[in-house]
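Top to bottom, those sequences are chains A and B.
In this text, residue positions in the first sequence follow this note's numbering: the first is 459, and each later residue adds one.
In this text, residue positions in the second sequence follow this note's numbering: the first is 50, and each later residue adds one.
For reference, the structure is listed below as structure tokens.
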Amino acid sequence: MELLKPLFERVPEPAVPTGLLERVLLAIQQAQIRRIQQRIILAFAGIVASVGYALYYGNLLWNEWRASSFINLLRLAISDPDIVFGSSQEFMLGLIESLPAATIFFVLLAGFLLMGVSVLVIHLLQIRRAALTQHRSLAH
Amino acid sequence: MTMEPQEDRQLIQQFQEGREAALTELVQRHLPAVYRFLFRMVGDEALAQDLTQETFIKTWKYLSRFDASRNFKTWIFSIAKNTAIDYLRKKQPLTLSQLESEDVPLGEFFVDDQPLPPEVLEREDLALAIKYALAQLPPKARSVVVLHETEELTFQEIADLTEEPLNTVKSRYRRALVSLRGLLSPKNAPK
Chain A
459 MELLKPLFER VPEPAVPTGL LERVLLAIQQ AQIRRIQQRI ILAFAGIVAS VGYALYYGNL
519 LWNEWRASSF INLLRLAISD PDIVFGSSQE FMLGLIESLP AATIFFVLLA GFLLMGVSVL
579 VIHLLQIRRA ALTQHRSLAH
Chain B
50 MTMEPQEDRQ LIQQFQEGRE AALTELVQRH LPAVYRFLFR MVGDEALAQD LTQETFIKTW
110 KYLSRFDASR NFKTWIFSIA KNTAIDYLRK KQPLTLSQLE SEDVPLGEFF VDDQPLPPEV
170 LEREDLALAI KYALAQLPPK ARSVVVLHET EELTFQEIAD LTEEPLNTVK SRYRRALVSL
230 RGLLSPKNAP K
């Protein structure tokens with residue numbers, strides 16, 4: 459079914475307007491920059507959330523630490539090391555058991571989250587800078 | 050189906066690996082065909098430029114998830130076609146009867162394989178007449194004609210990009226052919 463071929467062959471192809479390629483590339487870059495900016499905003503929100511999270515669990519950890527027997531056990535180790543060395547296995551076990559493990563886990567999690575999001579923000583800012591530089595050179 | 054040019058695949062892979070310059074090369078390579086197609090779909094230079102821009106922004110958005118085993122050319126034309134049809138529907142919403150008549154397949158017995166009469170091909174205002182006649186076709190039929198006749202896509206490729214059965218595409222083409230034959234006869238010349 460090539461019946462319309464002779465028809466379209468007689469009509470000149472529409473020429474691509476000058477500057478269309480640059481216009482399209484510029485529009486794509488603008489969209490890229492917008493997307494990066496949206497991600498930066500989201501990442502900053504992530505930083506704020508993880509700081510709040512870290513502060514909450516840090517405070518909780520501090521309170522639990524003070525309420526636990528960990529500090530008393532440490533004091534005992536300093537004031538009476540002979541007893542501690544005499545039953546070091548039991549002492550170490552007691553020391554570990556006195557730690558607020560769940561809260562420590564959440565504090566570490568918050569710390570890693572904060573670190574991860576911060577690295578992401580730095581990376582996004584670098585990408586944004588590169589995209590803006592490229593965008594300016596294309597716009598000129 | 051034609052084979053995907055190796056270079057397109059390589060460029061897509063490079064883009065997916067983070068090399069942004071590969072996108073520039075892809076745009077450069079496919080921009081003329083996409084623009085030509087959109088120009089013939091909407092018949093207006095400024096509008097075709099806007100739709101070309103929109104098509105490539107959509108291409109960029111989804112390229113990172115593009116399955117490299119697919120044909121990039123048909124994929125980009127499907128984006129361009131949908132962009133044009135969305136615009137045409139917003140501009141002039143199609144009625145239900147128009148949509149229905151466009152989707153009803155013609156029977157296989159309906160084959161119009163007569164060449165176009167010479168007086169059509171010899172019209173002085175042929176370019177204008179084609180523009181006018183294409184504008185009268187329903188958008189889906191118009192896209193089939195333009196993709197097949199000017200961008201040389203096979204019916205199978207068009208069926209792949211429109212996600213429609215091959216017979217529906219062929220039927221749409223035949224229907225368009227009948228309409229064009231009538232619209233291009235000298236007695237229907239635009240005033």
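For each residue, glycine too, the CB sits at the ideal point set by N, CA and C.
E201 of chain B carries a coil assignment under DSSP once its states are collapsed to helix, strand and coil. Against F466 of chain A, the close residues of chain B are I179, E198 and T199, in the order they occur along the chain (beta-carbon pairs closer than 8 Å).
Selection A:A501, A:R533 and A:V482 evaluated against T104 of chain B yields A:V482 as nearest (Cα-Cα).
The shortest C-alpha to C-alpha distance from E200 of chain B to any of B:V91, B:R114 and B:H79 is the one to B:H79. At a Cβ-Cβ threshold of 8 Å, L233 of chain B and A182 of chain B count as neighbours.
Contact note: R481 of chain A reaches chain B through Q98 and Q102, using a C-beta cutoff of 8 Å and chain order. With the rule of 3 Cβ pairs closer than 8 Å, the stretch 505-519 of chain A counts as touching the stretch 575-583 of chain A. Between P470 of chain A and F86 of chain B, the alpha-carbon positions lie close to 13 Å from each other. Taking 7 Å as the Cβ-Cβ cut-off, the stretch 57-70 of chain B has no residue approaching chain A. Exclusion of the five residues before and after L557 of chain A leaves S526 and F528 as the residues of its chain whose Cβ lies within less than 8 Å of its Cβ. At a Cβ-Cβ threshold of 8 Å, A485 of chain A and Q65 of chain B do not count as neighbours. Contacts with chain A (Cβ-Cβ distance below 9 Å) from the stretch 69-92 of chain B involve E69, L72, T73, V76, Q77, L80, P81, Y84, R85, F88 and R89, listed in chain order. Contact between I134 of chain B and V83 of chain B fails: their C-beta atoms lie close to 14 Å from each other, not under 8 Å.
Contact between L137 of chain B and P188 of chain B holds: their C-beta atoms lie close to 5 Å from each other, under 8 Å. Contact check for A208 of chain B against V194 of chain B fails: the beta carbons are separated by 8 Å or more. Going by beta carbons, L590 of chain A and I498 of chain A fall outside the 8 Å limit.
Under the 8 Å criterion on CB atoms, L462 of chain A is classed as interfacial with respect to chain B. Annotated as distal: F121 of chain B and I179 of chain B, with beta-carbon spacing of 8 Å or more. Residues of chain B with a Cβ closer than 7 Å to the Cβ of V474 of chain A are, in chain order, L80, P81 and Y84.
A588 of chain A counts as exposed, since fewer than 16 other beta carbons sit within 10 angstroms of its beta carbon. Here the alpha carbons of Q547 of chain A and L532 of chain A stand approximately 14 Å from one another. Neighbours of L500 of chain A across chain B, judged by C-beta separation under 8 Å, do not exist; the nearest C-beta is about 17 Å away. Separation of R89 of chain B and F466 of chain A (C-alpha to C-alpha, rounded to the nearest whole angstrom) is 11 Å.
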